[in-house]
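Trainee: Numbering of the sequence shown is given in this note's numbering, commencing with residue -7 and proceeding in unit increments. Ideal Cβ placement from N, Cα and C applies to all residues, glycine included. These numbers come from a predicted model, not from an experiment. What follows is a structure written as C-alpha cells; I'll ask about it next.
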Amino acid sequence: MKSLLVLIFSILGIYCFGQSSSNKKAQTFFERAAPLIQKLDYVSAEQTLKSAVEADPLFQNAYVTLAAVQKALKKYPDAKAAYEKAILINKSVTPEVIYGLAETEFATQDYLKAKQHFGEFLSLDASSDRAKKAKKYLLDCDFASIAIKKPVKYSPTNLGGGVNTTDAEYFPALTADGETLVFTRQVNGNEDFWTSQFKNNLWAPATPLSSKINTTQYNEGAQTISPDGKYLFFTGCNRPDGLGRCDIYVSHREGKDWGEPYNVGKPVNSEYWESQPAISPDGRTLYFISNRPGGSGGYDIWKSSITDDAKWGPAINLGPEINTAFDENTPFLHADGKTLYFSSDGWPGFGNKDIYYSRQENDGKWQKPINIGYPINSFEDESGLVVSADGNFGLFSSNLKGGFGLQDLYSFGIPEQAKPLKISYVKGIVKDKDTKKTIESNVQVVDLKTNKTLFDDYTDPETGQFLAVMPVGSNYLFNVNAEGYMFYSENFELKAGDINKPYQIEVYIEKIKEGGNVTLRNIFFDTNKFNLLPASIRELDLLIDFLHQNQTVQIEIQGHTDNVGDDKLNEKLSFNRANAVYEYLIKNSIDTKRLTFKGFGASKPIADNKTESGRKNNRRTSFVITKI
C-alpha cells in the first residue's frame, strides 16, 4: 500500500509524509482513497477523505491529500480550508504544502496571503521547477491584485445546438465573412472537423467537414482556416508521413469538397512537436507552436514565410517580444494582419494560461503583449481564442455551466482596447461577360501605400468565387485576369466608415478582341500634372504582363479628363498622360509597333460630370485593343 500511496501523491503533486492515523477507521478510509485517486475518481476520493478526517480530525496527511484532491476538482475555497487545517494541526509542513496553500489562495483571489506564502515557499525551495513557477506567481500576484479591480465586460453566449452537443467541441475557426465555422469535435476519443453555416442569425446543424480530411484512425484538430475559406491548416499526429509526433498539414478547398491534405514538410515540421497553425490573411506566413531547440521556453510561437520560389522558408522564433521561458500556445493572427492573439502562462496574469494580444509595428516588431483582462481570463487555462473579421466578437471553447455537455463553443464581445485594426473585404464572383458563366481567374489585391500584396490567388474553379480582406485606412489595387481574357481593374479607397460596408461584387471580364476597352483604375497623377505617381507602377506592371502573355495584341493608350477647365488644356493634359504611360511601357521592353496613344480630353465621358464621383470616373486612363 505504501508504494501505491507514493504513486498517488506524485499524481497529485504532494509530498508523502509517511504519517498515518492511530484511528483505524480513519486510516482505512485514507487507504481506500488511494485507488480512487489512481483512477482519477476525485469525486469519490474526496468523500472518502472527508470520512477519514471526520473520523480523525487531527489526521494531517488526510487533510493535505483532501486539499490536493479538491484542488484537482477546482474546489479552491475548500482546498484552501483543508490546507489551512493541515498547517493548524502542525506548522512543520513540507514546502509543497506551503506551495499548495499559496496556489489556492491565489485561485481564490487572496493575493496578499498568496504572495506571502509563495515567498515562504521560495525561502525553503529556490531551485526546483516549482520555484520557477512560484517566482512567476509573485509577479502574477502584483499584476492580478490591480487588474482584477478593472474588470472588462464579459457575457459569453453559447453558439447553440446546431454546433454544440453532449460531446466536446473546441478550436473554432471562422472565415472573414463570418458565414462559415470549422471546429474540432471529439467523439469516443476521436477528433474530427465539423462545419456549420450562419443562416438567419443562427448556426445551422453542423456536418462533418470532409471524408478526405477526417479519419477514423488519426486525430485531426487545432486548425486554422484562411479568411477566404479556401485553405485549411491543421494538426495531425502520429501519421505515417509525419516528421515528428505532431505535424502541420494543409488542404485546399476544391469546389464543394476539400482536397487530400498533405504534410507541409520541412522546415515548418521537424522531428519535434509542431501544432496549432495560424495563417496570415495574405496566405504567405504561417505561425505555429513548436518545442524545437532554439526557443525561449518549452513551447514557443514560430513562423515561416513563403519564399520567392513558392516554398516555406526557415522557421523563425518570434523571440522575447512574444515568447517566454514558460509556454505559449494557440496563436491567432487576425485578418488585419497586425494583431496577434495567443495564450501564455509566462506573462503576468491571473494564473495558468491567459489570453494576450500584441500588435505588430510597421517595422515588423511586436508590441509588449497585453492581458485581455478579467473575467475573460481567470485562474483556469484560457486559450483558443479567434476573433471575427469586424473585431466585435471572439469565439472560444469552455465548459461553462448551462452548456450542452462537455466543452462547448461560445462567443463574447471583445473589449474595445483589445479589438484588432479595422478591416473590410471584397467578396465576389468572376464571370464571362458574354456567356455569364463563372470562370477560374487570378485575383490580386495590393496595398498601394505599402506596395504589399495582400491577396494573390485563384477563384474557386467551380463557383468562380473569391474573398479578400483589406485593412481600413489605405488605397487598394484590385485586379482580375484570366488566360485569353482582358484584365479587370478596380480601386478601393477604404476609410474608417467603410468597416460595415464590405464590397460584394460580380466581375465580368471579356475575351480578348479588337475594340475591347479596359479602364486602368490605378494610374495616378497629381492634379493638372502628367508625371506618373509611384502608386501607378503596380498597375502598369500588370499591363506589361498582359502584353507579354499576349504577344500579338496591339493597344491604343487613351487619356481622359472631366469637363472642368479649358477644353484645349484638358486635351493636352490627357495627351501627355497617355504619353507618360506609353513611355513607361517602351522603357520596359514593349515594342513601339504594338503601341499608340491619344488624348481625348473631356470628349468621351463615362459618367455625369455634374457630380464629383462622376468627374472622378471621367478622369481616367484606359486602353483599347486595336489588333489581336
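In the DSSP assignment, find the alpha helix (DSSP H) that holds A270 and state where it starts and stops.
Mentor: From DSSP, A270 is part of no alpha helix (DSSP H) but of the beta strand (DSSP E) over E266 to I271.
Trainee: Indicate whether N261 and G236 have their beta-carbon atoms separated by less than 8 Å.
Mentor: Taking 8 Å as the Cβ cut-off, N261 and G236 qualify as a contacting pair.
Trainee: Which two residues bound the contiguous alpha helix (DSSP H) that contains A570?
Mentor: D559 to K579 is the span of the alpha helix (DSSP H), which, as asked, contains A570.
Trainee: In chain order, which alpha helix (DSSP H) runs of at least 4 residues are fully inside the segment 506 to 557?
Mentor: Here the runs fully enclosed are 529 to 541.
Trainee: Let me make sure I understand the geometry here. Which of D400, W250 and Y574 has the alpha-carbon closest to that of Q550?
Mentor: The option with the nearest alpha carbon to Q550 is Y574.
Trainee: Can R569 and T613 be called in contact, C-beta distance under 8 Å?
Mentor: Against a cut-off of 8 Å, the Cβ pair of T613 and R569 comes out as a contact.
Trainee: Can you tell me where the beta strand (DSSP E) holding H244 begins and where it ends?
Mentor: C238 to E246 is the extent of the beta strand (DSSP E) around H244.
Trainee: Measuring only the C-alpha atoms, how far is A474 from Y333?
Mentor: Going by the C-alpha atoms only, they are around 37 Å apart.
Trainee: Run through the DSSP bridge pairs and tell me what Q457 is partnered with.
Mentor: Its beta-bridge partners are I421.
Trainee: Given a cut-off of 8 Å, decide if T316 and G338 are closer than it, judged by their beta-carbon atoms.
Mentor: Closer than 8 Å, so yes.
Trainee: Output needed for D159: all residues of its chain with C-beta closer than 7 Å, excluding positions within five of it in sequence on either side, in chain order.
Mentor: Cβ within range, chain order: R177, Q178, V179, G397 and L398.
Trainee: Are the segment 70 to 87 and the segment 342 to 358 touching by the rule of at least three beta carbon pairs closer than 8 Å?
Mentor: The answer is no - the segment 342 to 358 does not touch the segment 70 to 87, with fewer than three Cβ pairs under 8 Å.
Trainee: Just to confirm my understanding: we take E112, look at its own chain, exclude 5 residues before and 5 after, and list those with CB closer than 7 Å. What are they?
Mentor: Same-chain partners within the cutoff: I90.
Trainee: Quick check for students: name the residue ranges of the alpha helix (DSSP H) that lie wholly in the segment 49 to 125, counting only runs of 4 or more.
Mentor: With a minimum length of 4 residues, the continuous alpha helix (DSSP H) runs that stay inside the segment 49 to 125 are 52 to 64, 68 to 81, 87 to 99 and 103 to 116.
Trainee: Could you please give the first and the last residue of the uninterrupted alpha helix (DSSP H) stretch that includes K608?
Mentor: Looking at the DSSP string, the run of the alpha helix (DSSP H) that includes K608 is E604 to N610.
Trainee: CB F624 to CB A44, shorter than 8 Å?
Mentor: An answer regarding residue 624 cannot be provided, because it is not within the stretch -7 to 620 covered by the chain.
Trainee: What residues match up with Q496 in a beta bridge as DSSP calls it?
Mentor: Paired residue(s): K419.
Trainee: Could you say which of T216, K141 and F589 lies nearest to I240 if we only look at CA atoms?
Mentor: Checking every option, the nearest Cα to that of I240 belongs to T216.
Trainee: The alpha helix (DSSP H) that contains K16, what's its start and end?
Mentor: Per DSSP, K16 belongs to the alpha helix (DSSP H) from K16 to Q30.
Trainee: When you compare the segment 289 to 299 with the segment 271 to 279, are there three or more beta-carbon pairs, one atom per stretch, that lie closer than 8 Å?
Mentor: Verdict: yes, contact present.
Trainee: Three or more beta-carbon pairs under 8 Å between the segment 189 to 196 and the segment 407 to 425, yes or no?
Mentor: Verdict: no, contact absent.
Trainee: Where does the unbroken beta strand (DSSP E) through S403 begin, and where does it stop?
Mentor: It spans D400 to G405 - the beta strand (DSSP E) in which S403 sits, taken as one unbroken run.
Trainee: Give me whichever residues DSSP pairs with M462 in a beta bridge.
Mentor: Its beta-bridge partners are S416.
Trainee: Beta-carbon separation of N309 and G286 under 8 Å?
Mentor: Cβ distance < 8 Å, so N309 and G286 count as in contact.
Trainee: Looking at the secondary structure, which residues open and close the alpha helix (DSSP H) in which L387 lies?
Mentor: Element bounds for L387: not the alpha helix (DSSP H) but the beta strand (DSSP E), F385 to S390.
Trainee: Going by beta-carbon coordinates alone, are I618 and Q541 separated by less than 8 Å?
Mentor: It should be pointed out that residue 618 corresponds to Thr in this sequence rather than to Ile. Not a contact, by the Cβ cut-off of 8 Å.
Trainee: List the endpoints of the continuous alpha helix (DSSP H) containing Y34.
Mentor: Y34 -> alpha helix (DSSP H) spans Y34 to A47.
Trainee: Use the C-beta contact count for Q268: other C-beta atoms within 10 angstroms, 16 or more gives buried, fewer gives exposed.
Mentor: So Q268 ends up on the buried side.
Trainee: Within a Cβ cutoff of 6 Å, which residues of the same chain sit near S466, ignoring the five residues on either side of it in sequence?
Mentor: Answer for S466: D439 and K441, listed in chain order.
Trainee: Between the segment 593 to 601 and the segment 553 to 566, are three or more C-beta pairs nearer than 8 Å?
Mentor: With the cut-off at 8 Å, the segment 593 to 601 and the segment 553 to 566 touch.
Trainee: DSSP three-state label for Y291, please.
Mentor: In the structure shown, Y291 sits in coil (DSSP, three-state: anything other than H, G, I, E or B).
Trainee: Helix or strand or just coil, what does DSSP make of V433?
Mentor: Per the sequence shown, the amino acid found at residue 433 is Ser instead of Val. DSSP places S433 in coil when its eight states are reduced to three.
Trainee: Quick one, which of T167, L325 and G591 has its alpha-carbon nearest P412's?
Mentor: Ranking T167, L325 and G591 by Cα distance to P412 puts L325 first.
Trainee: Check whether the Cβ of T427 lies closer than 7 Å to any heavy atom of the ligand SAM, and answer yes or no.
Mentor: Absence of the ligand SAM from the depicted structure is noted, as is the absence of any ligand whatsoever, leaving it without description.
Trainee: Just to confirm, are H109 and A94 a CB contact at a threshold of 8 Å?
Mentor: Result yes, Cβ atoms of H109 and A94 sit closer than 8 Å.
Trainee: Note the first and the last residue of the continuous beta strand (DSSP E) segment covering N321.
Mentor: From DSSP, the beta strand (DSSP E) with N321 extends over E320 to L325.
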